[in-house]
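Numbering (our numbering), first residue to last: 8 to 170. Glycine included, C-beta positions come from ideal geometry on N, C-alpha and C.
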Amino acid sequence: MFRVGILTVSDKGHTGERQDTSAPELARLLDASQFEVKQIRVVPDEQEAIVEALVAWSDEEKLDLILTTGGTGFTPRDITPEATLAVAERLAPGIPEAMRAAGLAHTPRAMLSRGVAVLRGGTLIINLPGSPKGARESLEAVLPALPHALEKLKGSEAECGAP
């Protein structure tokens, strides 16, 4: 069972001006036989708040997977990738590459997502778009590979190649 946190990055969501619909959508997509959502939180588009949540969930709570939603676009307040890179120990570039490639099948705007995926200790952190549709489509693109990725991150010595 993989322990998961979902962090919504949204000024309006944090102040209650907008209901967070992306986090519930992401939680719904995670198979309950494999993933247990332990944390859901909304923070403003502030680097300090994002970093604090990512570090606490990675280092203290030892979550296996953190999904962020929001803050990956081009507006001046979209800083989720920068905050995520600030806590990164290693990069996982294939994950956002796969999400953007899958997204391009739906909209040319998928190329505008600046989301990253990183490793911090035993935690995989993935930035997803803020819209429920974009978050869902992005997670669906990489979800089949996540259990294997998380097992490897936990130290599994199983071979990566298909039998």
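query: If distances are taken between C-alpha atoms only, which option among T76, I73 and L126 comes closest to R97?; result: L126
query: Out of K69, A34 and P139, point me to the one whose CA is closest to L157's CA.; result: K69
query: Can you tell me which of the three DSSP states T87 falls into?; result: helix
query: What does a CB cutoff of less than 6 Å around R143 pick up in its chain, not counting 5 residues either side in sequence?; result: E32
query: Comparing alpha-carbon positions, which option in R10, D18, M8 and R35 lies nearest P139?; result: R35
query: Along the alpha helix (DSSP H) that carries K69, what are the first and last residues, could you check?; result: Unbroken run through K69: none, as it is neither H nor E.
query: Among I133, A99, T130 and G141, whose alpha-carbon lies nearest the alpha-carbon of M118?; result: G141
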